[in-house]
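The structure under discussion appears below in the form of C-alpha cells.
There are 4 protein chains.
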Amino acid sequence: MRPNVYKFGELIEDVTTHPATRRAVEGHAQTFDAAQKDEYKDILTITSSLRGERISRYLSIIGSAEDMIANVKMKRLMFNLTGTCTGGRCVGFNAINSMWAATYDMDHELGTDYHERIRAWLKEAQHEDIALAGALTDPKGDRSKRPLEQNDPDMSLRMVAKETDGGIVVRGAKVMIAGAAEANEVFVLPGTGYKEGEGEYAISFVIPRDAPGLTVVEARHPSDGRDMEAGFDNPVELGGITQGYLLFQDVRVPKERVFMAGEWKYSLRAVLNFIAPYRSAIGGCVAGQGDVMGGAAALMARANGLSEKVFREKLVQMTVNNETTFGMGLAASVMGKLHPSGVWIPDAKLANVNKVHVATLPYETKRLAQDIAGGIAETGCLPSSQDLQSPLYGDLLQKYLKAGSDGETRAKAARLLEWLTIGEGVPGCMHGGGSPDGAKLMINALAEIEANIKLARRVANLKEVPTPEK
Amino acid sequence: MRPNVYKFGELIEDVTTHPATRRAVEGHAQTFDAAQKDEYKDILTITSSLRGERISRYLSIIGSAEDMIANVKMKRLMFNLTGTCTGGRCVGFNAINSMWAATYDMDHELGTDYHERIRAWLKEAQHEDIALAGALTDPKGDRSKRPLEQNDPDMSLRMVAKETDGGIVVRGAKVMIAGAAEANEVFVLPGTGYKEGEGEYAISFVIPRDAPGLTVVEARHPSDGRDMEAGFDNPVELGGITQGYLLFQDVRVPKERVFMAGEWKYSLRAVLNFIAPYRSAIGGCVAGQGDVMGGAAALMARANGLSEKVFREKLVQMTVNNETTFGMGLAASVMGKLHPSGVWIPDAKLANVNKVHVATLPYETKRLAQDIAGGIAETGCLPSSQDLQSPLYGDLLQKYLKAGSDGETRAKAARLLEWLTIGEGVPGCMHGGGSPDGAKLMINALAEIEANIKLARRVANLKEVPTPEK
Amino acid sequence: MRPNVYKFGELIEDVTTHPATRRAVEGHAQTFDAAQKDEYKDILTITSSLRGERISRYLSIIGSAEDMIANVKMKRLMFNLTGTCTGGRCVGFNAINSMWAATYDMDHELGTDYHERIRAWLKEAQHEDIALAGALTDPKGDRSKRPLEQNDPDMSLRMVAKETDGGIVVRGAKVMIAGAAEANEVFVLPGTGYKEGEGEYAISFVIPRDAPGLTVVEARHPSDGRDMEAGFDNPVELGGITQGYLLFQDVRVPKERVFMAGEWKYSLRAVLNFIAPYRSAIGGCVAGQGDVMGGAAALMARANGLSEKVFREKLVQMTVNNETTFGMGLAASVMGKLHPSGVWIPDAKLANVNKVHVATLPYETKRLAQDIAGGIAETGCLPSSQDLQSPLYGDLLQKYLKAGSDGETRAKAARLLEWLTIGEGVPGCMHGGGSPDGAKLMINALAEIEANIKLARRVANLKEVPTPEK
Amino acid sequence: MRPNVYKFGELIEDVTTHPATRRAVEGHAQTFDAAQKDEYKDILTITSSLRGERISRYLSIIGSAEDMIANVKMKRLMFNLTGTCTGGRCVGFNAINSMWAATYDMDHELGTDYHERIRAWLKEAQHEDIALAGALTDPKGDRSKRPLEQNDPDMSLRMVAKETDGGIVVRGAKVMIAGAAEANEVFVLPGTGYKEGEGEYAISFVIPRDAPGLTVVEARHPSDGRDMEAGFDNPVELGGITQGYLLFQDVRVPKERVFMAGEWKYSLRAVLNFIAPYRSAIGGCVAGQGDVMGGAAALMARANGLSEKVFREKLVQMTVNNETTFGMGLAASVMGKLHPSGVWIPDAKLANVNKVHVATLPYETKRLAQDIAGGIAETGCLPSSQDLQSPLYGDLLQKYLKAGSDGETRAKAARLLEWLTIGEGVPGCMHGGGSPDGAKLMINALAEIEANIKLARRVANLKEVPTPEK
C-alpha cells in the first residue's frame, strides 16, 4: 500500500515495522491468528450467508441474537489477547451491518441499488479477509451549529461532486478513527442524522486506506513517546492503539463503493443502526480489558509480596464491573429485533444503558486496580528501563525494586498496570461511538415515563394529573 | 382451608377478607387474572411439558433460556401490576425447578424415586393451578455455629422421624416466608448445604398450607398498622406483602410429597439450583417496582406543579438502574446451561453479580424518587386520611395540600411514593434469597483470578510470580 | 397550654402523655436534662450575651466559629441521646439567629425597631428557657407559580391585616413543622425570598404554640401506628418526631413579637441567614443518627451470633459517611463570617455542599446498616411483640428468634434497626431546610467557574475563549 | 550544587534548565514568587516563632488550628498556580513538624538533645529560605515481612554506623520522593513504626540534596517523554512533578543534623505526627487541582462551541468533590490538639476519612472533566503539535480542529485536560503519604464501635450482647 500515514510530523514508510504502529498491527494480526486456533475459532469465525464458507466474524452479517452475543464475546476475547482495542476490525464490522440494513431500506423505498453494491463488495471483502476500519466521527466544528451554519462547510465530510459515472468526490475529514493505519480499507458512515438541505453530508462508502487524496495523521495517546524508545516502558508488544485523523482532499469514490449519496432521510437510521450494536458490544471490550486489569492488579499484589486474597473485596468489585458491562451487552443482544434485511439490531434502551456504564464503571475498575497495586503502579512511579540498565546505579534500582519478585518483573508489572489505567492501553471508550450524554438523551427518549405513570396511577387508583405547561 | 395464620396475636379467619392479608391475596389473584388477558398470557402461561396444555408459568419447568427470560419478564410485569412482590407464587416456582434437577440427580445416582414423586405431584398441581409458596430460610440460631452445635437442634428445620410408610415428621421453623398466607401449598427446601452427620436437616417436601401441626405467624412490615385502618394511608389495594414465620410442630409429610430425606450431599446442589434463577429473576422484580417508582415520582412532580422534565437526569438514572437489574437477569438467563433433567440453570456468576446490584441500586432509585417527589413524600409527611376528612380542619388541609392537582390526589400520590420507598411496598430484596455478602463469596469463587493473571502475564510477557504463603 | 394539636382526626389533650407525642416530648425533655449534666453542659449551655448568665445554647446568639462548631456538636449529641430529631428546639434556634441579623439590617437601613423587639423577646425567652419551634415551609401550592399567581393567595402564609397598634393578622399555613407539639412557642420565618408586590408574604414573628386561631395537625410518619400500641414495636421511648401542619386562621400577633411585616427586600436575606447554619449543622444530625446506626448494626451482628469485625469494611464506610457530614459542618462553621449584628454566618458554599451529602450519604449508611443486620432487620421482618407474648405460639417465636442473644433482645435490636432505617426514626433530612436541588443551585451560583477558567488558562498559557451565545 | 540527579540513564547537569526538571523547578519557584505578592503573602508567609520575622510558611511550625487551616489553603493555592504538586516544599514542611514534636518527646523522656538540634537547624533554614523535600517511603521489599526478615537488610533505609562524633552513616533508599530534584535539602523520616530490635531503621535527619553518596534517579510519569520535545504537547510550563528514587550509598550525616538514631519507640509517633497533617492538607491539594480541572473542562466546552452551562450538573458535582476534600481538611484542622512542643496535630479520624476521599473523589472529578470535554480530551486524541505545524497537512489539521476557538487553542486546551486527568499533571495522591487501606485501618481503630453500641442500647433500652469468640 501507498504510505500515507503520518505521526510526529513524519511519514511512516511501513506500518508493520514502525514503532508508532507496529504494536497496533500486531494486535490486529492476532485477530487473524486466533481465528485459526481451535479454542477461539467458534467465536472469531462464522459461516458466511453470502459465500457459504467459513469467514471472519468481523466481516459477517449479524443475523441473530446468537451472532450478536458472539460479537460481544469476541470483543472481550480480543481485549484479553491484546490488552486493548482492535478498532481496525470491529468498527468496520459494525459499519457493514449498519449500512446493510440502511441500504436495504433505501433500495426498497427509493428503488436504488445500494444494497446490491454493498453485497457485491462484501462478498469480495470476505474472500480477501480484509481488515476494515470504520469511520463515523466528523470534526463538526462549532457544536452549537449545524453543518451548513459553520463558517467552513467542510467541518463534516461532504460530497463535493457527483460524477456522471455515479462516482462521488468527497472532501473533509473523519477524526479519531481507530485502527485506520492497520486496515486495508475504511468504511465511511454519515456522522449524524442530517436534515433536509444537508444531503451533501449524507454519504457512505468504502475506500482503500491508501486511496489517492487520503492522508492519515495519527493522534497521540498517553505516553506514546515510549513507543519510540527501547526497553519495556511500553510493556505490551502484543497490542496497541492508533486513532487517525483522516484528511480527505477531494477523494474520488467509484460508484460500486458508494452506499449513500445524499439520501439524508436515511442518515439517522444508519447512525442508529450503528449505535445499538456498538454500545452493546463495547461492554465486552471494557470487560475484556477489565479482566486483564484484575490479573495485573493481582499479579502486582504478589510482586509486592502480598497475597491477592488481601484484596478480595476490591477484586470482587472489579469482577462486578466487568460482568455488568459484559452482561448488559448480552441483554441488549438478546432483546434485539431482526431487521428485514437480515440484520439483528440489539435493543436500543439496554444498549444505551450499557454505554452509561461503559462511561463510568471502568473508572472505578482502574481506581481499584491502582489501589491494589500500590504507589509504584498508580502513576508508574519508577525509573525508566534505561535507568534499570545503568552501569552506575542500575543494580541498586533493581535491588530496591525487588519484593515478591525480582526487580525487573515488578517493574514490568507496574508498567503494565500503568499502561492499562493511565497509559497507552486506555482506549477512550467514554466517547467512542458517542458520548454518555448522547446515550442519556436516548434513554430518556426510550424510557416509558407515561406508561410508568399509568402503572403508578393504576396501583394506587389515582386520577390523571396534567403536566404543567411551563 | 383451616385457618392457621396469625397476626398481631390473633387468628385470621379468612385471609381473603382480613385487612392484614387481603391486599396480598389481591396481588396474588392478579397473577391468575392477568394470565387470562391477551396482552399478558404469553408471559404468564406456557405449554406444560407434562400435560401438553397451557398452564401457569409459575408451575412450569424452566426448560430453556427463553423460558428463563420469560420468567424475568414475568416478575417485572407482576411488580408493575401489583406494585410489589407476589412471593406466594414465585418462590415456589423457583423451588420446583431447583428440586426437579436435584431429584433427577438423586434418582440417577442413588436409585431413589424422588423425581417420579415430584413429577406426579407437579402434574396434579398444574392441573389445580395452585398458588405455591416456597420456604428456604431457617431460623439458624447462632450464625457462628452449625446446626448440631446449636444449643437447640431445632434451629434449622429437621426430620424427627421417618415412618415405615416412607412419610416423615418434621419439626422446626421456616422464617420470613413470602406469600405463605396466600398459598395453597408450601414447597420446603433445605436451607443451606449440609455436611455429613447433618442428614436430618437435608429435607425437601411439599405440604398444604393448612397441614396439621403447621402454624403461620405473619411478620410485621413498615407501616402495616395502616392495613387495619380505613382511608387511603395504605394507598394500594391491588397488592401487598406477607412474610410468615412457619412453625412446624411435628408435621407429618406423606411419602409421595417427600423429595429429599437425609441425602445431605444433594442439599448444596438444591440450594445452588435455587440461587441462580432466583438471583437472576429478582432483577426483574426490582426493575418492575422501579418502573412504578419512576411513574410515581413523575406523577408527584406534576402534582407539585412541576413538569417531570425538570428531573430528566434523575429519571434517566432511575431507568439505568431498572434496566441494569433487568438486563443482568436476562444476561444470566442467556448464558445458562441445560441440566440433564431438562431444567435450564442460569449462569451463576452473572446471577450473583445481579444480586449485588439488587442489594444496592434500588436504594439509589428510592433516593432519587424521594428527591424528585419532595419533602411531603420523603417520609409521607402529611396528616392521615382521617384528618383530611375532619369536619374541623379537613377542608383547610385539602386546601393547603392542593398544588398541581387537588389535595387528595396529591396526598394519595405522596402516600404511594412513601409506600414504595419507605413503607409497606418495600419487599426486602437485599437479603431475600440470600445476602449480598453471600453473593460476593460466590463471585469470588467464580472469578477467574488465575486465568486473568495469565492474560496479564501474556500481554506483557511477564514471568510467573508466586503467591506469598501468608 | 390550650390543647390545639390533632392527630388521626382527634384532639390530643395532653402532649406529654398521649402516645402520638409523648416520645417526642421525652426527646425534647432530654435537651433540658442533658444541659444539667457535667459531661454535656459545655455543649448544651453558653453564657448569654444578653443576660450574662448561663443559658441553653438553643436560645443563644451564635457569635463565633466556636459557637457554630458547638452547635454542630450539639446536634450530633442530641441525635446520639434521642436517636432522632429534636426539631422543636433546633429550628427555632436557627430562626432566632437568622432574624437577629435580618432585623439588625432592617433597623440600620430602614430605621425600624425590629431588632429591639427580638432582643427584648429573646432576653425573656432565655430566662424562661422555652422550647421554640421554627416554621419556614409554606404549602406553596403550584410550584410553577409565584404566590400571587396561585388561584388562592393563602398558599403561602400572609399578613391579611396590619392593626393600628402595630400588631398584624396572619392567614395561611406552615407545613411539616418539626417539634411544634413539643414547643412553647413557634418562630415564623418568611418561606422564601419575595419580590416587589409580594410584601404581604414577607413576615416574621413569634407566637405561643396555643395562640388563638392556630391549629396544629400532626403528619404521619412511617409505622407511626405503633405509637398507639403496647409492646416494643416502636422500640424507642427516649425520642420521637412530630411534624405538624400549622393552620393559621387569622391569628393576631402583637407588635412586640413582629420582626418583619412587609419588608420583602429582606426576606431573601432572612432565608439565606437561615440556610447556611441549618445546612451546616444538619451534618451533625445525620452523623449523630449514623453513630446510633453503626451501634445498632454492630449489636445486631452480635445478636445474630457474628462478630462485628466480620463487617469491618462496612462499618468503616459508615464512619466515613458520618464523619463527612459532621466534618463538612465544622468546615462551613470555621470558614464563616461575622455579621455586624454579632451573628456568625457559616460559609454558604461549604454548607450547601454538606446539604448534598446529607441528601445522599445517609441512604448509603442505612443500606450498609441493613446489610450488616440481615434480613430480619432489613424491613423489620418479624412478628409483632404481641405475637411474641402469645400463649399459643409466643414461646416458639422466642425460641426461633434466639441466636447470639435471647429472642426478645434480638427482636428489639431488629426493631431498632428498622426504626432507624425504614421506620419512625427517619427524620426526613433530604428536604428538611430545603431540597438538594436548591442546594445545587446555590453551589452553582457560588462556584467560581470564571475564576477557575482563568486558573486553567494561566497554567497552560491559553487564550480567552468566549461562551457561545446559545 | 553537585549534579547528582539522573533520568533516562543520564545525568542532569542543571535541573533549572533540563527539560526533565525545569517545569517542576518553575513550579517550586512560584512558591517563592507568590510569597512576595500582596494577595498571597498571608497564606504563604507567617511570623516565625524562632526568628520573630516573616518567613515562608513552608518552614514554619504549625502552632494552631489557624496555622493548619492556612496550610490547607496554601496547598490549594499552589495547585491553582502550578496545576500540580510542589512536593519539594510541602513534604519537608510536614516532616519538620512531625519531628519537632517527636524530638520534643524524646528530649523530655530520654534526655536527648534532638529538639535543640532541629531548632538550631530550622532557625538557619528559615533564614536561608530553603526548599526542603521530605522523604518517608522505603522500598520495603517483600510487604509480608518485617525489615530484618528480608533477604537484604537494606530494603528500608538504615543506620550502618554511629560515629564517635555523634554522626551517623546510612545505607538504603527512599523512593518516590516528590521534589527532591528541586530541593536544597532533604528531610528524612522513619518510614513506619519500628519494633524492638529494629533500631537501626528508626532514623531521622536532614541532608543537602547533593550530599556525598546520595544519588537521585527520577521516576517516569505518564507522557513524560513530551518534556523532551518541542511544542505544546506538555502544555504546562508553570509546574511539573518529579518523584525521585534516592539511593543512599553510605551517606554520612553530621551529629547536628541527626534527629533520631535508634529510638524505635518514637518512630511510630513520628509517623503518626506526619500522617495527620499530611492527610488533612492533601485535601487542599486535590481541591486545588480540581479547581483547575473545572476550569479546563468549562474552557474545553467553550472551545467545542458549547456553553459550560450545558454541563451545570457535572460542574456542580466537581465542585462538591473539591469542597469536600478541602472542607474535610479544614475540619481535621479545627478539631486538632496542641502537642506540648507547640505543634498543632489535626484530628486523626477526620484526617484519615479525608484520605479515603482523596483516594476516590478525584477519580470521579477526572471522569466528569473528560465527560464534559469530549473525546478529543479524554485521552488527548489529536495529533502532536509537530503535526499541527506540518507544511504538508498542518493547515488541514488546524482547520478541522477549529470549533468554538481556533484550532491551536482547542488543541492546547485538550492537552491541558489530558495533562490533568491522564497525563503528567496527575500527582499520585492515592498512595502519597500512605494507602487508603492504611487510612481505613486507622479509621477502624478510631471508630468508637463500643460507644456507638452503648448509644444504640440506651435509646432502645437493650441488654448487653456479647461478641462471639470466633
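Protein chains in written order, with our numbering: chain G, 336 to 805; chain L, 336 to 805; chain D, 336 to 805; chain E, 336 to 805. For glycine and all other residues, C-beta sits at the position ideal for the given N, C-alpha and C.
What does DSSP give as the partner residues of residue i in its beta bridges?
| i | result |
| --- | --- |
| residue 503 (chain L) | L:497, L:588 |
| residue 582 (chain G) | G:508, G:550 |
| residue 340 (chain E) | E:347, E:551 |
| residue 469 (chain L) | L:522 |
Is any beta-carbon of chain L found at less than 8 Å from that of residue i?
| i | result |
| --- | --- |
| residue 647 (chain G) | yes |
| residue 491 (chain D) | no |
For residue i, would you say it is in contact with chain G, using Cβ-to-Cβ distances shorter than 8 Å as the test?
| i | result |
| --- | --- |
| residue 802 (chain L) | yes |
| residue 368 (chain L) | no |
Do we get a CB-CB distance below 8 Å when we pair residue i with the residues of chain E?
| i | result |
| --- | --- |
| residue 732 (chain G) | yes |
| residue 740 (chain L) | no |
| residue 479 (chain L) | yes |
| residue 637 (chain D) | yes |
List the whole-angstrom C-beta distance separating residue i from residue j, where the pair is believed to meet the contact cut-off of C-beta under 8 Å.
| i | j | result |
| --- | --- | --- |
| residue 385 (chain D) | residue 471 (chain D) | 24 Å between Cβ atoms; not a contact. |
| residue 709 (chain D) | residue 766 (chain L) | 6 Å |
| residue 668 (chain E) | residue 400 (chain E) | 5 Å |
Could you tell me the distance, in whole angstroms, from the CA atom of residue i to the CA atom of residue j?
| i | j | result |
| --- | --- | --- |
| residue 723 (chain L) | residue 345 (chain D) | 12 Å |
| residue 606 (chain D) | residue 424 (chain E) | 44 Å |
| residue 534 (chain E) | residue 582 (chain E) | 20 Å |
| residue 746 (chain D) | residue 736 (chain D) | 7 Å |
| residue 635 (chain D) | residue 748 (chain D) | 6 Å |
| residue 773 (chain L) | residue 738 (chain D) | 19 Å |
| residue 611 (chain L) | residue 398 (chain L) | 14 Å |
Residue i CB to nearest chain D CB: under 8 Å?
| i | result |
| --- | --- |
| residue 570 (chain L) | no |
| residue 624 (chain L) | no |
| residue 642 (chain E) | yes |
Going along chain A, which residues have a C-beta under 9 Å from residue i?
| i | result |
| --- | --- |
| residue 351 (chain L) | Of the protein chains in the structure, G, L, D and E, none is chain A. |
Count the CB pairs spanning the region 671-682 of chain D and the region 746-760 of chain D that are closer than 8 Å, and state whether there are at least three.
-> no
Would you say the region 550-564 of chain L touches the region 452-465 of chain L, given that touching needs at least three Cβ pairs under 8 Å?
-> no
Determine contact between the region 590-600 of chain G and the region 529-547 of chain G, defined as no fewer than three beta-carbon pairs at a distance below 8 Å.
-> yes
Validate contact between the region 391-406 of chain G and the region 428-435 of chain G using beta carbons, cut 8 Å, 3 pairs | yes
Would you call the region 696-712 of chain L and the region 449-460 of chain D in contact, with 3 or more CB pairs under 8 Å?
-> no
Does the count of Cβ pairs from the region 621-639 of chain L and the region 783-791 of chain G closer than 8 Å reach three?
-> yes
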